[in-house]
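Notes to accompany the following structure.
Protein chains: 8
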Amino acid sequence: MSTEEALVKLKTAPFVELGYAKADTHRRIRQGSTEVVYGAGKTPEQSLGIVKALAEDGGCVLVTRCPKETADLLSENLGCVEYDRVSGICTVGPRPVPSPNSLVCVVTAGTSDIPVAEEAARTAEALGSRVVRIYDAGVSGIHRILSKTDTLARARAVVAVAGMEGALPSVVGGLVDVPVVAVPTSVGYGASFGGITALLSMMNSCSSGVSVVNIDNGFGAGYIASMIDRRSAPL
Amino acid sequence: MSTEEALVKLKTAPFVELGYAKADTHRRIRQGSTEVVYGAGKTPEQSLGIVKALAEDGGCVLVTRCPKETADLLSENLGCVEYDRVSGICTVGPRPVPSPNSLVCVVTAGTSDIPVAEEAARTAEALGSRVVRIYDAGVSGIHRILSKTDTLARARAVVAVAGMEGALPSVVGGLVDVPVVAVPTSVGYGASFGGITALLSMMNSCSSGVSVVNIDNGFGAGYIASMIDRRSAPL
Amino acid sequence: MSTEEALVKLKTAPFVELGYAKADTHRRIRQGSTEVVYGAGKTPEQSLGIVKALAEDGGCVLVTRCPKETADLLSENLGCVEYDRVSGICTVGPRPVPSPNSLVCVVTAGTSDIPVAEEAARTAEALGSRVVRIYDAGVSGIHRILSKTDTLARARAVVAVAGMEGALPSVVGGLVDVPVVAVPTSVGYGASFGGITALLSMMNSCSSGVSVVNIDNGFGAGYIASMIDRRSAPL
Amino acid sequence: MSTEEALVKLKTAPFVELGYAKADTHRRIRQGSTEVVYGAGKTPEQSLGIVKALAEDGGCVLVTRCPKETADLLSENLGCVEYDRVSGICTVGPRPVPSPNSLVCVVTAGTSDIPVAEEAARTAEALGSRVVRIYDAGVSGIHRILSKTDTLARARAVVAVAGMEGALPSVVGGLVDVPVVAVPTSVGYGASFGGITALLSMMNSCSSGVSVVNIDNGFGAGYIASMIDRRSAPL
Amino acid sequence: MSTEEALVKLKTAPFVELGYAKADTHRRIRQGSTEVVYGAGKTPEQSLGIVKALAEDGGCVLVTRCPKETADLLSENLGCVEYDRVSGICTVGPRPVPSPNSLVCVVTAGTSDIPVAEEAARTAEALGSRVVRIYDAGVSGIHRILSKTDTLARARAVVAVAGMEGALPSVVGGLVDVPVVAVPTSVGYGASFGGITALLSMMNSCSSGVSVVNIDNGFGAGYIASMIDRRSAPL
Amino acid sequence: MSTEEALVKLKTAPFVELGYAKADTHRRIRQGSTEVVYGAGKTPEQSLGIVKALAEDGGCVLVTRCPKETADLLSENLGCVEYDRVSGICTVGPRPVPSPNSLVCVVTAGTSDIPVAEEAARTAEALGSRVVRIYDAGVSGIHRILSKTDTLARARAVVAVAGMEGALPSVVGGLVDVPVVAVPTSVGYGASFGGITALLSMMNSCSSGVSVVNIDNGFGAGYIASMIDRRSAPL
Amino acid sequence: MSTEEALVKLKTAPFVELGYAKADTHRRIRQGSTEVVYGAGKTPEQSLGIVKALAEDGGCVLVTRCPKETADLLSENLGCVEYDRVSGICTVGPRPVPSPNSLVCVVTAGTSDIPVAEEAARTAEALGSRVVRIYDAGVSGIHRILSKTDTLARARAVVAVAGMEGALPSVVGGLVDVPVVAVPTSVGYGASFGGITALLSMMNSCSSGVSVVNIDNGFGAGYIASMIDRRSAPL
Amino acid sequence: MSTEEALVKLKTAPFVELGYAKADTHRRIRQGSTEVVYGAGKTPEQSLGIVKALAEDGGCVLVTRCPKETADLLSENLGCVEYDRVSGICTVGPRPVPSPNSLVCVVTAGTSDIPVAEEAARTAEALGSRVVRIYDAGVSGIHRILSKTDTLARARAVVAVAGMEGALPSVVGGLVDVPVVAVPTSVGYGASFGGITALLSMMNSCSSGVSVVNIDNGFGAGYIASMIDRRSAPL
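Residue numbers (full-length UniProt numbering), protein chains in the order written: chain A, 1 to 235; chain B, 1 to 235; chain C, 1 to 235; chain D, 1 to 235; chain E, 1 to 235; chain F, 1 to 235; chain G, 1 to 235; chain H, 1 to 235.
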């Protein structure tokens, strides 16, 4: 594709102007994936309007940080709606089927990190990946993550979720040779600063292969891990 | 592989005890990639000792943040040493040959970001990827990055390097559908805080698919991008 | 005007002493614009007292961050009151009519930035500018803002409102050749720190012509943009 | 101009590809002003290459943060070079002549703020504005700025430069009814944090009409003030 | 007094051990002033117990940050209780009578700073000073504070209370030649950070004679100002 | 014990997989102490499940930050439950009996620090130490802590709890010759930043022998102090 | 004095316009004290020019943060110059003689705090106070400051200088009943953050009567302490 | 010992007044350990003066952060001086002999952490402990620390030194059941912020038994670890 063609493509990129939003019906063509709507900070009616515009071609739409009342409104107006309250993940329309070798591992340091981990796991599943969960495997009891090295070894991408000191991704990064997407969580108190300490810790990971997304951004991590997983060649 | 086997493997993981370092000769087996030594904060003699221990099996060893005198000492004592002063990247031993479809794009916002970008590019090359560089394509002249959309569309992973407000990865992330590894640089002054502003900006990217590594960590970004690139299936 | 005269003017500058406030009846003469009262942190009675003192000469008074009960009290006691709940903007008295060439563009990155944008837009309107709104045009779908370049090109001042990574003003600043007043919003989560990340990002904009006001300070941006707009010469 | 035309214009926007930089020869058409090169973080040879590409049509090129050796190299290779060491401002080519009513006031709180103020003043002059300087007029001796109210009253835009507590723009903002562009400087010690305190203080100015640029960013302030000045209608 | 005597005095310093508190009955002798109890973070019963222990010798006890229910309980159990809800200041017992020349000025930048200012004013009054209040005299309308220079000139200590950019103490410090105790308030939004910006600004005041107490610490400022006032020699 | 044995021990380290948690039944063997469950961020049912798994061998289980409803559920389902609402400490099963020479001193600066101090004290008691409490002995009335030097001299470890400026541990550290574990509390306002100031102050203590735990982490301090106390030799 | 008179006084306030500075010859009348010039950030020639303008009436001029070469230039051109290299304090002209009861105590926590303490002490002396120095009396050996309680008891104002955890002012504040001006110093390492920790600690002092000036601002503290000292009534 | 006796002891606590320092000859009696002098920020002559005063009774004096020239001056004037340049530790006089069961383990994450670790190790040795060093055992190659579990199991206190993400203490804390004193180092770059990230990470350790000292404070950690070690009962 030439530059001219690329620009023409951009120029004619369709979006539905809703006044309060420009629903980007173009993204499925451009990025080849399930459409995503960020549910927080929008009224249920606004979210419904956007989802409707995006769901017109029959594909899957993922609503993240979806409030209960938004999920209810979607459910009343649209078919095929699934909603998980712990993670706030809502899907509208049919989910893709994972390929045979697909495998994303989602690991957490503690029990309190599970809601964020579920956001990652369900996002990856909505995008077409198979997900295995390893929860409460923090580094203060190192034998817990060591007992899962065989599962980790088969993953094509890993999401590592941790609050407090955020040490888990560094240990996991040393055990696998695939990208580790680290998610700091706002779990902790005092000098955890709502996840900043974990975020900084992960930025400074001594393990190569670790990159970081925003605090509590399970969606972002699941999105990237699934992207890597789905594009990986069979071993 | 069972848990028992995994643990046995870990237990017998060989490293060469050098007193000041435990050279991890095991990593090539465990992680299947070129060995890496972080050159800063080590005396030239310490780096030489570690590189020697790692290079024994004839593979490639990558020394990052390599001071000039360390590169000189390596060059005097070992064969096949290449050193780039701008990025501080030094390789010892034969580099892997990239596969036909390999493609990592390294883009920068400005001219001053080039040293970090070169660290990323040369790391990815040392690990076996083909790299295309797009430099000085910051968002204040948006037509510059738009003119490269065709090249970006063929990449299997993108490294986006920017200082100041760090907006480039968000724009790039919206143009491609592969993972974008964002590298904040310490370029800027005043409220750029040595890269913190760019780092925070990138953490909050509105584009899905963007993850972040530490400030000026070109190596980390090149490592992850190459990992993704080499494992990608041909389209 | 000589220094002596300037000082005499200052010395005799009238204000109405209300005990809890010194209502600055002088400002309309001194600054030639609609009077402004900051409604937050004042009791409805205090705001009413100040507005009354300022509205005596029949001009327009603008109350920002106006709580519902303050608006109600003003409405009960004074004529010609308009109140917008989304932005908290309340005007008392007749609004000025915009000049034919007047044009302020208010753009937002997302849907959640609209309340702050409305504060800017309605402030500029209350001061006598014509306003065009371009909402949900963030940089992750760059074609959305590109499709509005013709409108932007006619603006005499632009207000760019964004949370999260705050990249929009840099892109807009590169598309226009008039001042861009950037408003960071507290929209986002995690490392957006209630708008600090967007603020810092905007401070470091690589585009010339961008200056910044406080987080969520739609009023300040609208005020400046209108000031520039109304004083601009016809092209 | 239609969207199609706007995009075509962007698509064909010319820049000279120099490898390390994309010199934006398009900006003069697009933004109608003197071209600007940021001199810091570039080698003298890189800056020369870019200036050459930009100066080809005979217009004025402004190099900011220009190191002495870069200025020397430009002087040796190009005609009509002026260099001010205090502010690091270098101009290549003929400066525009200011219009009769043009007036930008540049005020500083102290003597140490002068280098940044000169960057602002010389930038505005290079862009075609007339500039009046009012230096060392900080608020601890309030009579100093009060004695200049007559000059301030004639300005079409004001640049207010201050370090330490950064209070000057708030006082100036209350004395004039034109936009005040505030520049925090890194002057001070201890809890001035290299200008952060002044920056935050200015962000929170109680005077309407004040917007802020980055610490020590005299260029940015001069650029915006001149933009406003040159577009202002005669009173 | 010799060191030995000083230590003996300390050794025998009486306090009433209440288990949850050691009520310091010694302070009145040691520091010669009204006793003070910090009411926040204590149950009403705890505060009552402490006040009782301190009030035994018939002097005045000042309770700061006093919750309504604590004031009620004190009122039910003790005589001579005065309570101001705005500032949370409660006094138990007879207040000292100010000397003829006593004068503390308490000035605020805005209307929202009044609760903190009242804490300062009432503290100084409870300790025996005469207080004059100058409210809503912020620097954006500089003529407001200038109109009070005659009153300020008679003060023996000044308390300057301001939120947002905290510029008032610098201006006041230049107008008087007595100590100015600056109190940052948590008034403001966005980058005011709950008073941190004002605090930093005040720390960096360009006026000599300004010192700073904690955010919203009206008590501390009133205490110091009164201490200075009461010890001043008649002019 | 050889490395092989150590690894075998780790490999076979038992934990009960509960899905949401991996209850570490191994820790009592490995670390020889009462088991600990962090109660916050877990549902009452999750906590009950974990406590049940840990309490199976009849030892003592300590639940920290235990919500009232969790304590109630534990009480309904398990025997020997003690719950302190102030500190949120809940113990299940029989507590160890302290040795004759055991002594941990827990000191606080103020009354508001007591809840954190009680967390420390009750943790140390649950682990088998004898505890003496010295409350409200802050440094502004230095005679209060000086009057307790004889008690402090007998302690085998000290926990020093303080908010605000956090000066107490430095003074205590100079009075004793045993380790002082400092606990910053979130007590205070304004620039105390929820305990950060106290934390930083304690990190910089000029007294040797002072180490620090997280803000409000009474549990951590009590745990360490008791560990030191129980292992100390009789004098 | 009426408002009119006050404003006339301000209006006619004389200053010598030097271009780079407005030397405030008015301040001695307005504030009744020795003139002060901040020597850092000015060229020696600029400082000389300002000192000359201020010294014309034969009074004392104090130059703070005075570089060696500035002191030399002053010495060559003016009579009666005294310069202390440790503190950077330079006085030009005759110093005032202290009154009999004058007493300012300057205390430091450690030996490294002495340069800042000397700045305070010499400033107070230049302004006409008698100063007693108590150095190296930090709280980790509490008996050192306790042994000086008799001297402290006679002081009319205290300057307390400390780096690291900054605990000294709180202890001193509890021992005296006069204002304590706390000066944080940049002494320390790691989490002392160049004095920020000490500053924050002092802001949160649990002792009433403590106010704070900027990091390393010995001048400011000496100025305030002397102001209080000189205005105090004899006991 | 009664309160009276404690105070008398404090009162008569001897120190040698050197003007610039109060050498605390009392500490050996009070705290029973080797005397310590902080060498940084003192002139060599000041350090010599203090060491002489402290060494008079023939005990051991430890000088930390000792500059080369101070060590040289001590060596010239005093006998039995040992100096280690890497850690800056200098001892004067005979070192105590460790008891048979004494064992402090000092572990580091990387090679660059060794200088701080040596400060800890040599401090503990100077105070009378036996020390085993385990260097370069960071968590990215977890088998390295796991291979040392047998040595760790015999330690009576552990010092864990790490920069970057500071994860090592959490892993070590889970492997041992003795106190772990964590030392953040300023090793790293970018978002490691000179050790702040490691410090925060360690404050939030998920392992019980971990407390933290200041960045690079090897001395503090060695001091505490040795204190615990020497007071431990034989197992």
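Cβ coordinates follow ideal geometry from the N, Cα and C atoms, glycine included.
Values in this document were obtained by computation on a predicted structure and should not be read as measured data.
Three-state secondary structure assigned by DSSP to residue i
i	result
arginine 156/H	coil
arginine 65/H	coil
arginine 230/B	helix
glutamate 76/F	helix
lysine 148/A	coil
alanine 126/C	helix
aspartate 84/B	strand
glutamate 165/D	coil
threonine 185/C	coil
threonine 197/D	helix
Cutoff 8 Å; reference residue i; Cβ partners in own chain excluding five residues on either side
i	result
valine 213/E	Val181, Ala182, Val183, Gly220, Ala221, Ile224
arginine 156/B	Asn101, Ser102, Leu103, Val104, Val178, Ile228, Asp229, Ser232
alanine 53/E	Val16, Leu18, Ala23, Thr25
aspartate 84/E	Cys90, Glu118, Arg122
Min CB distance residue i to chain H below 8 Å
i	result
tyrosine 189/G	yes
Proximity test, Cβ basis, 8 Å: residue i and chain E
i	result
threonine 64/F	no
phenylalanine 15/C	yes
Cβ of residue i within 8 Å of any chain G Cβ
i	result
isoleucine 142/H	no
Interface flag, residue i vs chain I, CB-CB below 8 Å
i	result
leucine 200/F	The question asks about chain I, but that chain is absent: this structure's protein chains are A, B, C, D, E, F, G and H.
Strand pairing of residue i, partner residues [DSSP]
i	result
cysteine 90/D	Val63/D, Tyr83/D
Spatial neighbours of residue i in its chain, beta-carbon cut-off 6 Å, leaving aside the 5 residues before and after
i	result
glycine 174/G	Ser207
methionine 164/G	Gly188, Ser192
valine 210/B	Pro169, Gly173, Val180, Ala182
serine 87/H	Pro115, Glu118, Glu119, Arg122
Proximity test, Cβ basis, 8 Å: residue i and chain F
i	result
proline 100/H	no
**Q.** Interfacial residues, the stretch 221-234 of chain D to chain C, with Cβ spacing under 7 Å
**A.** Tyr223, Ile224, Met227, Ile228, Arg231, Ser232, Ala233
Q. Between the stretch 35-62 of chain G and chain D, which residues of the former have a C-beta closer than 7 Å to a C-beta of the latter?
A. Gly41, Lys42, Gln46
Q: Mind checking the stretch 104-130 of chain A against chain F and listing, in chain order, the residues whose C-beta falls within less than 8 Å of any C-beta there?
A: Gly110, Thr111, Ser112, Ile114
Q: Taking only beta carbons into account, state which residues of the stretch 204-220 of chain A come closer than 7 Å to chain H, listed in chain order.
A: Asn204, Ser205, Cys206, Ser207
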